[in-house]
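Below is one structure, written out as structure tokens, with a few remarks after it.
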Amino acid sequence: MLFDTHCHLDASHFPDGADDVLERARSAGVGHFTVIGVGSLETARAAVALAERRSDVTATVGVHPHDASTLDPALESELGELLTRERVRALGEVGLDYHYEHSARDVQREVFRRMVALARSARKPLVIHTRSAPDETLEILEAEGARDVGGIIHCFSEDRRFATRALELGFYLSFSGILTFKNAHAIHDVARFAPADRILVETDSPYLAPVPLRGKKCEPAFVVHTAKRLAELRGVPLGEMETATTENAARVFGVVLA
Ligand SMILES: [Zn+2]
Ligand SMILES: [Zn+2]
Numbered sequence: 022m023l024f025d026t027h028c029h030l031d032a033s034h035f036p037d038g039a040d041d042v043l044e045r046a047r048s049a050g051v052g053h054f055t056v057i058g059v060g061s062l063e064t065a066r067a068a069v070a071l072a073e074r075r076s077d078v079t080a081t082v083g084v085h086p087h088d089a090s091t092l093d094p095a096l097e098s099e100l101g102e103l104l105t106r107e108r109v110r111a112l113g114e115v116g117l118d119y120h121y122e123h124s125a126r127d128v129q130r131e132v133f134r135r136m137v138a139l140a141r142s143a144r145k146p147l148v149i150h151t152r153s154a155p156d157e158t159l160e161i162l163e164a165e166g167a168r169d170v171g172g173i174i175h176c177f178s179e180d181r182r183f184a185t186r187a188l189e190l191g192f193y194l195s196f197s198g199i200l201t202f203k204n205a206h207a208i209h210d211v212a213r214f215a216p217a218d219r220i221l222v223e224t225d226s227p228y229l230a231p232v233p234l235r236g237k238k239c240e241p242a243f244v245v246h247t248a249k250r251l252a253e254l255r256g257v258p259l260g261e262m263e264t265a266t267t268e269n270a271a272r273v274f275g276v277v278l279a
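In our numbering, the protein residues as written are 22 to 279.
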């Protein structure tokens, strides 16, 4: 069974609820899911509720860099409370996004630092979103002691140099549908070189549908295409890639697979 390490299943994306989506994924051979609770406190609570109801779902909570400007003391303390729940296995996604820049850069940096500190005090790993800010993302992770908790670089779309520094910090690299794009040469290179015990697959549903499903609303079932491409790039059978990435995901989130 595959493990989709990053999906957004909020009602705003899937108005009929998450259960049908997850059943379709299970039929496709995807048995475990990490649902990302960002965007609002309501979304975070919904992700936690789903994980507390379904044993095949684990949850994260956090403040996406797009929403960095919404962090206030009340939200921060609520997130701290949610992080103590057993089914919340990571803090994220947090990080820097200088491409869209929906929140000011200095605010993003300040919030990112606070989130690393929160992960350390909760002793839970981080799920990192980084776009157009590779050096500053690594600098903050290094300076704030992210090594103590580790985590995941989600939707990996950087290069070998970035991957090397992230691996040194104890992070895992999670590949999304972007891996199936023909021109993603730097990402293909990292997918070949990364250690087998530090790679993961994800959909980032409802975004980033892989080839050959471009243009569709992405859902966790589609992670199979990314896993196939990863196996192909590494020259190993799909079954071996499934086992490795699923064991890695269970390790980083600290979950025992049924
Ligand atoms: Zn992201
Ligand atoms: Zn995401």
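We put the beta carbon where it would ideally sit given N, CA and C, even for glycine.
Check, Outcome
"CB contact flag (A89, S124, <7 Å)", "yes"
"Best match in V273, P216, R108, I149 for proximity to G83 [C-alpha to C-alpha]", "I149"
"Ligand 2 heavy atom lying under 6 Å from the CB of E114", "yes"
"Distance cut-off 6 Å: D57 Cβ against heavy atoms of ligand 2", "The residue you asked about is not Asp; residue 57 is Ile in the sequence shown. True, at least one ligand heavy atom lies under 6 Å from that Cβ."
"Residue of R135, L92, A217, K237 minimising C-alpha distance to E263", "A217"
"Status (buried if at least 16 other CB within 10 Å, exposed otherwise) for V245", "buried"
"Residue burial classification, Y193 (beta-carbon count within 10 angstroms, cutoff 16)", "buried"
"Three-state class that DSSP yields for T91 in the structure shown", "helix"
"Burial state of E114, where buried means 16 or more other Cβ atoms lie within 10 Å", "buried"
"Buried/exposed call for H53, threshold 16 Cβ in 10 Å", "buried"
"Reference A215, options R255, L234, L103, closest by Cα", "R255"
"Separation of L117 from P86, as counted between CA atoms", "5 Å"
"Identity of the residues DSSP links to S226 by a beta bridge", "C28"
"Residues near E261 by beta carbon distance below 8 Å, same chain, minus five either side", "A252"
"Own chain residues within Cβ distance below 7 Å of R141, not counting five before or after", "G166, D169, V170"
"Under the three-state DSSP convention, the category R47 falls into", "helix"
"Straight-line gap, A99 to A111 (C-alpha atoms, nearest Å)", "According to the sequence as given, residue 99 is Glu; it is not Ala. Going by the C-alpha atoms only, they are around 15 Å apart."
"Beta-bridge partners of F35, as assigned by DSSP", "Its beta-bridge partners do not exist; DSSP assigns none."
"First and last residue of the uninterrupted alpha helix (DSSP H) at R74", "62-74"
"Inter-stretch contact at 8 Å, needing at least 3 Cβ pairs: the stretch 193-205 / the stretch 174-181", "yes"
"Residue from T79, L103, E97, E160 whose Cα sits closest to the Cα of L190", "E160"
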